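> Residue numbers (our numbering): 1299 to 1631.
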Amino acid sequence: MRVLAIADAFIPAPVMDAGFAAFRRAGHDVTVREWPHADIEALQTDNLLIEQQGANALQLPDDLVQDIADYDMLVVQFAPVGTALIERAARLKYIGVLRAGLENVDSAAAAARNVTVIPTPGRNARAVAEFTVGLILGEIKNIARSHAAMKQGVFRKEYVNTGQVPELLDKTVGLVGLGHIGGLVAKFLQPFGCRVLVHDPFLTDLPAGLERAERLDDLLASSDIVSLHMRLTDQTKNLIGAAELAKMKPAAYLINSARSGLIDESALVQALENRSIMGAALDVFDSEPLPAGHPFLTLDNVTLTPHMAGTTRDAFANTPKLFCERFLAKAVL
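(1) Counting contacts by CB-CB distance shorter than 8 Å, is Leu1346 in contact with chain B?
(2) Rounded to the nearest angstrom, what separates Gly1481 and Glu1512 at their Cα positions?
(3) Residues in the same chain with beta-carbon distance under 6 Å from Asp1370, minus the five sequence neighbours each way, listed in chain order, please.
(4) Do you know whose CA, among Thr1418, Leu1487, Pro1593 and Gly1399, lies nearest Val1431's CA?
(5) How big is the Cα-Cα spacing for Val1446 and Glu1571?
(6) In the DSSP output, what is Val1575 paired with across the bridge?
(7) To the nearest angstrom, how far is it from the Cα of Leu1631 to the Cα of Val1328?
(8) Can you name the residues that DSSP bridges to Tyr1641?
(9) Pull up the DSSP beta-bridge partners for Tyr1551, would you.
(10) Is Ala1307 near Met1314, with beta carbons less than 8 Å apart?
(11) For my contact list, Thr1418 and Phe1621 are in at a C-beta cut-off of 8 Å; report their separation, rounded to the angstrom.
(12) Tell me the rounded alpha-carbon separation between Phe1318 and Val1373.
(13) Determine the DSSP secondary structure at Val1630, reduced to helix, strand or coil.
(14) Could you check which residue in Pro1505, Leu1466 and Cys1492 has the C-alpha nearest to that of Gly1475?
(15) Could you tell me how far apart the beta carbons of Ala1549 and Met1576 are, in whole angstroms, since I believe they sit closer than 8 Å?
(16) If you reduce the DSSP assignment to three classes, tell me which class His1326 lands in.
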């Protein structure tokens, strides 16, 4: 089998090449090329465009894929695999995606050509789950705000939630989605003594120690902290809007380390301005980088991070190897 792997700034060509050693040992021919970007920010800009507009929003440079008709498998992380590319790939049997989401692949075009699309779920689940717990603690304890003030020479002690800063013991944390990431967040939170409430319409078996909320409204009304871990689809877009925010407790916090489109940003801005919820912590945004003058930048009850939850050395470096191991173990050749 001939494999073409497209590396990028997060998984550079040498890392991708080393990760595919198992394929070579199994007798497969692997070619690694890198999708060029000036820097990480440029890659993230392209990635956001693809996530919002789909796999056909961008075309790969032709020198990366000019001989795509000669390959049986194409493996990418963020690189777009649109209709035109799939139609040129006469021999293609598999498209490997080195992450859980498939936003950068035209899955309908692949299905029409009987090409199997294989994601790598859970590849950065631990990274995002750890970061999510950090977002929760950072927001409710004012860690980032106090740090920023100290750097400015201000020994700040007063915050929006002064007098109401919570501990996690006996608090209800509502997880919207319990996939790889949500499951780890639940596991990490249980030693804090939290009650973990879960809403996930696709969940059949609930892990021990967790409680199910059949309706999203019930979770929102009961939770002290709401953390989002759903994929972005037509059905989940703006899952949290003005009506949903109005159902949350006035002292509750909203956490999003998943996809920005899960939240109606304008509705969240209004809720934070009106202080109808206590605060929020966000790692993802409709526009990235966050533009100057965005209302989030003026609010004193939101913690902001630049879409970095899943960005760890371990997650990126291990992903090609993880994909190869799973693919070869299933013997789908």
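All residues carry an ideal CB built from backbone N, CA and C; glycine is no exception.
None of these values were measured; they are calculated from a predicted model.
The structure says:
(1) Of the protein chains in this structure there is only one, and it is not chain B.
(2) Numbered from its first residue, the sequence shown carries residue 1481 at position 183. Numbered from its first residue, the sequence shown carries residue 1512 at position 214. Gly1481 and Glu1512: Cα-Cα distance of roughly 17 Å.
(3) Here residue 1370 corresponds to residue number 72 of the sequence shown, with the count starting at 1. In chain order, Met1299, Arg1300, Arg1389 and Lys1391 place their CB closer than 6 Å to the CB of Asp1370, counting only its own chain and leaving out the 5 sequence neighbours on each side.
(4) Working through the sequence shown from its first residue, we reach residue 1431 at position 133. Of Thr1418, Leu1487, Pro1593 and Gly1399, the residue nearest in Cα terms is Leu1487.
(5) Position 148 of the sequence shown, counting from 1, holds the residue named residue 1446. Position 273 of the sequence shown, counting from 1, holds the residue named residue 1571. The question names Val, but residue 1446 in the sequence shown is Ala. Cα to Cα, the separation comes out at about 21 Å.
(6) Here residue 1575 refers to the residue found at position 277 when the sequence shown is read from its first residue. Note on identity: in this sequence residue 1575 is Ile, with Val being the wrong assignment. Paired residues: none, contrary to the question.
(7) Along the sequence shown, one-based indexing puts residue 1631 at 333. Along the sequence shown, one-based indexing puts residue 1328 at 30. At Leu1631, the pLDDT of 41 sits below 50, so the modelled position is not reliable and the matter cannot be decided from this model.
(8) What the structure shows of the chain is the stretch from 1299 to 1631, and residue 1641 is not part of that stretch, so it cannot be assessed.
(9) Here residue 1551 refers to the residue found at position 253 when the sequence shown is read from its first residue. The partner list for Tyr1551 (beta bridge, DSSP) reads Ile1523 and Gly1577.
(10) Within the sequence shown, numbered from 1, the residue matching residue 1307 stands at position 9. Within the sequence shown, numbered from 1, the residue matching residue 1314 stands at position 16. No, these two residues do not count as a Cβ contact at 8 Å.
(11) Position 120 of the sequence shown holds residue 1418. Position 323 of the sequence shown holds residue 1621. So it is a contact: roughly 5 Å between Cβ atoms.
(12) In the sequence shown, counting from the first residue as 1, residue 1318 sits at position 20. In the sequence shown, counting from the first residue as 1, residue 1373 sits at position 75. Cα-Cα distance, rounded: 10 Å.
(13) The residue you call residue 1630 lines up with position 332 of the sequence shown. With a pLDDT of 48 at Val1630, under the threshold of 50, the modelled position of this residue cannot be trusted, and the question is left open.
(14) Locating residue 1475 in the sequence shown gives position 177, where the first residue counts as 1. Between Gly1475 and the set Pro1505, Leu1466 and Cys1492, the nearest pair of CA atoms involves Pro1505.
(15) The residue you call residue 1549 lines up with position 251 of the sequence shown. The residue you call residue 1576 lines up with position 278 of the sequence shown. Yes, they are in contact, since the Cβ atoms of Ala1549 and Met1576 sit about 5 Å apart, within 8 Å.
(16) On the sequence shown, position 28 is the one that residue 1326 refers to. Here His1326 sits in coil by DSSP.
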